[in-house]
Structure formats: structure tokens, C-alpha cells
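Residue numbers (the working numbering), protein chains in the order written: chain A, 8 to 114; chain B, 8 to 114.
The C-beta atom is built at its ideal place from N, Cα and C for all residues, glycine as well.
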DNA sequence: TTCTCATATGAAATTTGTTTCATATTTCAT
DNA sequence: ATGAAATATGAAACAAATTTCATATGAGAA
């Protein structure tokens with residue numbers, strides 16, 4: 008049996024701050040301070056989390072003066088989130104725990 | 008900005024036991040005790056984790072005598088894992104942290 | 001250079017998630 | 001009914017991930 012070890016990859020989608028970052032970058036690249044402002048999280052927290060995302064190639068960075076501009080690897084992220092969305096809409100409202108069906112209501 | 012709250016969904020892919028369960032069920036449905044045996048994890052641990060997976064509709068259950076047969080929701084899971092695989096093979100070996108590039112070597 | 005802004009980093013504190021342990025529940029066989 | 005097998009459940013113990021805090025680094029402006 009092939010033991011898949013994708014844990015660390017998926018960790019990037021399983022916390023609020025990181026999904027916040029991902030969501031924030033949906034509309035285009037942003038600098039760290041812009042992300043910080045958008046999320047209302049602490050700078051160093053955002054920074055730590057950006058590192059994880061970057062290390063898994065979910066984000067890309069480029070330097071621009073003193074700023075670092077982060078952008079989303081949409082090729083992976085978009086279909087990933089689309090898949091979940093599809094899953095949610097297909098579940099018939101049976102996922103009490105994961106909160107996705109609640110999300111449904113919000114939209 | 009729409010705040011995505013998919014955390015809990017992705018949590019199901021970001022730990023070893025649950026990915027182990029998912030992997031075990033790739034080849035077809037299994038009872039709890041069969042999963043326990045296959046993974047070498049404790050029964051109650053497997054049981055707890057099965058609950059999470061089921062609640063997010065990643066797994067389905069059906070009763071069969073005293074047994075409960077769990078099966079994989081392949082429609083969601085397969086393309087999800089395929090996506091990650093594609094991401095990995097496209098990353099050019101740059102994801103030191105997430106361990107996916109190491110997986111590459113294993114195969 | 002020195003100052004300031006933007007970001008990163010390490011370690012401690014905190015929060016969250018996972019596993020274990022003991023026990024309960026369900027179902028079937030006797 | 002009673003016992004045994006299969007699974008579930010709750011709470012405590014444990015482990016791991018996240019956040020915060022203090023500080024460091026780097027880059028440009030004065």
C-alpha cells in the first residue's frame with residue numbers, strides 16, 4: 008500500500024489565517040503589509056504563515072524595493088477550492104461538522 | 008471579501024491517520040476492524056478519525072451485521088489527490104518543507 | 001552613516017488537534 | 001437472557017501547530 012504523505016501540503020488549507028491569506032490574494036498580488044491590513048492579523052503571524060505557504064509553492068514571492076509581493080499559485084489553488092465547493096454542494100447538507108454546509112447558507 | 012472557511016474540510020487531509028484511512032480505502036470499502044488492522048492504529052483512534060471523515064462526507068458508512076463498512080467518496084477525494092500530485096510534479100522540487108518532493112523520490 | 005519602513009525570525013506562550021484509556025452501546029450467536 | 005465481537009464515545013493525557021512578543025535584518029531615504 009502506497010502511503011501518501013500529503014499532510015503538510017493540506018495543512019496550508021486547514022487554518023484560518025492561511026485561508027485568509029489565500030482568499031486575500033485571489034484578487035491579485037499583495038505586499039505583506041497589505042495582507043496584514045486586510046486580515047487584521049499581526050505582522051509576524053502573517054509572515055510566519057506566508058513562509059509555510061511559500062515553501063509549499065502555494066504562493067510565490069518577488070522583491071520590490073523593501074517590499075515583498077506575494078502572489079497566489081492559482082493553477083493549484085483555484086481548482087482545489089472549486090473541488091471543495093462542488094463537494095459541498097453535492098453533500099446534501101450532511102456535513103454538520105465541517106461547517107461547509109453552513110457556509111452554503113452564508114452565500 | 009468572501010471569507011472561505013474550509014479549514015475543517017482540509018483538516019481531513021492533513022494528518023497521517025486520516026490519510027492512512029483514505030489510502031486504505033482506495034482499493035475498496037473496509038470494516039473498522041480491517042482498517043485498524045491495516046493501519047496498526049488503535050481501534051478507538053481509528054474510530055474517532057473515521058467520525059471526522061464521515062462528518063465531512065469524505066467517507067460513507069453502511070451497517071452490515073455488527074460491522075460498519077466504510078467507503079471512500081472517490082468523486083471528491085481522487086481528483087483532490089490528483090491535483091496535489093500535479094502540483095508536486097510541477098513545483099520543480101522547490102517545496103522543501105511539505106515533503107511532497109521527497110515523496111517524488113519514493114515512487 | 002543613520003533613520004525609518006517593511007519584513008523576517010526565534011523562542012515562549014497559547015491554542016488546537018490527536019491519541020489513549022476506560023467504558024458504553026449495538027448486534028448477533030448460544 | 002447471557003456472552004462475545006465490533007464499534008463508538010467521553011474525558012484525560014499528550015502532541016503539535018499557531019500566535020505573540022521581542023528583536024533582528026535588509027533596503028531605501030535623508
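Query: C-alpha distance - residue 19 (chain B) paired with residue 87 (chain B), whole-angstrom precision; Result: 12 Å
Query: Sheet register partners of residue 77 (chain A) (DSSP bridge); Result: A:37, A:68
Query: CB of residue 32 (chain B) within 8 Å of CB of residue 96 (chain B), strictly; Result: no
Query: Counted within 10 angstroms of its Cβ, other Cβ atoms place residue 64 (chain A) as buried (16 or more) or exposed; Result: buried
Query: Alpha carbon of residue 67 (chain B) to alpha carbon of residue 71 (chain A), nearest angstrom; Result: 49 Å
Query: Beta-carbon proximity of residue 29 (chain B) to residue 90 (chain B), cut-off 8 Å; Result: no
Query: Residue 14 (chain B) to residue 73 (chain B) span [Cα, whole Å]; Result: 33 Å
Query: Collapsed DSSP secondary structure at residue 115 (chain B) in the structure displayed; Result: Chain B is shown only over 8 to 114; residue 115 (chain B) falls outside these bounds and no answer can be derived.
Query: Host alpha helix (DSSP H) of residue 15 (chain B) (start-end); Result: 14 to 18
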